[in-house]
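Residue numbers (this note's numbering): 1 to 167.
Just so you know, even glycine gets a beta-carbon here, dropped at the ideal spot from N, CA and C.
Please read all numbers here as calculations on a predicted model, not as lab measurements.
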């Protein structure tokens, strides 16, 4: 495992431990690692890899559990309602931003403690090769010059940063 990955896994493990209620020894039992999407997708694969590495660092089982539904709302509600002892944690994604901001939950983003970052997800902006736009700034200038006349496509209608890009 690379030094960067070791550092990251260690940071997440420490974040999980720091979020737990003070105890003599943490962790002293398995940790439930909730994944907000179904088995087999990218979030599931990444979550299971992370759970495996966290178990090595923490010395206890870190058990992946898929709780899909509502764009992550099922998982985030489960986490919000779990005992805040560090033994129930979630693999998060940008869906927590849209799920809580669009009202799919009765609580906001800040109802949970966010203890680590696993990756940055670049958001590419691509146009046809013979497009008149050669830079993102040129596209933005055209959008400002003719509001509401240009369209973009993204991976999900309300996924970040779609709302910000659409303005």
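For residue 71, I'd like the list of residues in its chain whose CB is within less than 7 Å of its CB, leaving aside the five on either flank, ordered along the chain.
Excluding residues within five positions, the ones whose Cβ falls inside 7 Å are 95, 98, 99, 104.
Out of 138, 80, 133, 29, state which residue places its alpha-carbon closest to the alpha-carbon of residue 60.
Closest by alpha carbon: 29.
Which residue wins for smallest C-alpha separation from residue 91, given the options 152, 52, 136?
For residue 91, the closest C-alpha among the options 152, 52, 136 is that of 52.
Residue 66 classed as buried or exposed, judged by whether at least 16 other C-beta atoms fall within 10 angstroms:
Buried, because 16 or more other Cβ atoms sit within 10 Å of the Cβ of residue 66.
Simplified DSSP assignment, three categories, for residue 104:
For residue 104, the three-state secondary structure derived from DSSP is coil.
Kindly confirm or deny that the segment 105–116 and the segment 131–146 touch, where touching means at least three C-beta pairs closer than 8 Å.
The segment 105–116 makes no contact with the segment 131–146; the number of CB pairs closer than 8 Å stays below 3.
Apart from the five residues just before and just after residue 73, which ones in its own chain have a Cβ nearer than 7 Å to its Cβ?
So the qualifying residues of the chain are 99, 104, 105.
Using DSSP with H/G/I as helix, E/B as strand and the rest coil, what is residue 66?
Annotated three-state conformation of residue 66 is strand, per DSSP.
Check whether residue 107 and residue 80 have beta carbons under 8 Å apart
Contact: yes.
Among 102, 77, 34, the one whose alpha carbon lies nearest that of residue 62
Closest in C-alpha terms to residue 62, from the list 102, 77, 34, comes 34.
Taking 6 Å as the limit between beta carbons, can you name the residues of its chain near residue 48, skipping five residues before and five after?
So the list reads 64, once near-sequence residues are dropped.
Could you compute how far the alpha carbon of residue 128 sits from the alpha carbon of residue 41?
For residue 128 and residue 41, the distance between alpha carbons rounds to 28 Å.
What whole-angstrom Cβ distance do residue 87 and residue 27 have, given they're in contact under 8 Å?
Contact holds; Cβ gap of about 7 Å.
Roughly how many angstroms lie between the CA atoms of residue 39 and residue 50, to the nearest whole one?
Approximately 15 Å between the Cα atoms of the pair.
Mapping the DSSP letters down to three states, classify residue 99 as helix, strand or coil.
Helix, per DSSP.
Range of the contiguous alpha helix (DSSP H) that encloses residue 52
Residues 42–58.
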